[in-house]
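Below you'll find the structure, written out as structure tokens, and then a few comments.
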Amino acid sequence: MALTKNERRLRIKNRIRKVVSGTEARPRLAVFRSNKEIYAQVVDDVTGKTIAAASSRDKDIATSKGNKTEIAALVGKAVAEKAIKAGVETISFDRGGYLYHGRVKSLAEGAREAGLKF
Numbered sequence: 109m110a111l112t113k114n115e116r117r118l119r120i121k122n123r124i125r126k127v128v129s130g131t132e133a134r135p136r137l138a139v140f141r142s143n144k145e146i147y148a149q150v151v152d153d154v155t156g157k158t159i160a161a162a163s164s165r166d167k168d169i170a171t172s173k174g175n176k177t178e179i180a181a182l183v184g185k186a187v188a189e190k191a192i193k194a195g196v197e198t199i200s201f202d203r204g205g206y207l208y209h210g211r212v213k214s215l216a217e218g219a220r221e222a223g224l225k226f
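Using this note's numbering, the first residue of the sequence shown is number 109, and each one after it goes up by one.
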């Protein structure tokens, strides 16, 4: 029996999470993409704390015009600014089982433009 799209993504996600984990010095930038929205969190997996988070549902981003890829870049910039304000400069990127393409790539490039290193 074939896997559904979501089951396949969750298998890939688990495979990635075996390797990628966030520490205090280098937290993990986790991405979740739904059909309408995109969410990003900077997470310290050792303590289990979220350092910074942004999404396309935030007030300043939700009111902006553009397609989903452009909004994903704004989310990347917003999460990077919050992370830098919290004292984080380098992160490890967790694409959450999604292909590094389209909105996920746009979010990563937006975070890089705002000053995060990964």
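Using N, Cα and C, we set each Cβ at its ideal position, and we do this for glycine too.
Strand pairing of residue i, partner residues [DSSP]
i, result
"Tyr-147", "Phe-140 and Ser-163"
"Lys-225", "Thr-198"
"Asp-168", "Answer is none; Asp-168 lacks a bridge partner."
"Asp-152", "Lys-157"
Coarse secondary structure for residue i, derived from DSSP in three states
i, result
"Ser-129", "coil"
"Ser-200", "strand"
"Thr-158", "strand"
"Arg-134", "coil"
"Lys-173", "coil"
"Ala-186", "helix"
"Gly-210", "coil"
"Gly-205", "coil"
"Leu-111", "coil"
Where residue i falls, given that 16 or more other Cβ within 10 Å makes a residue buried
i, result
"Arg-165", "exposed"
"Ser-214", "buried"
"Ala-160", "buried"
"Leu-207", "exposed"
"Lys-185", "buried"
"Asp-168", "exposed"
"Gly-223", "exposed"
"Phe-226", "exposed"
CB-CB length for residue i against residue j, believed under 8 Å
i, j, result
"Arg-136", "Val-151", "5 Å"
"Ala-176", "Arg-203", "Sequence inspection shows Lys at residue 176; the Ala mentioned does not correspond to that position. At roughly 16 Å, the Cβ-Cβ gap does not stay under 8 Å, so Lys-176 and Arg-203 are not in contact."
"Ala-138", "Val-187", "Not a contact, Cβ separation roughly 10 Å."
"Ser-163", "Glu-145", "6 Å"
**Prompt:** Can at least three beta-carbon pairs, one atom from the region 116-124 and one from the region 186-194, be found at a separation below 8 Å?
**Reply:** no
**Prompt:** Using 8 Å as the Cβ pair cut-off and three pairs as the minimum, do the region 215-224 and the region 174-182 touch?
**Reply:** yes
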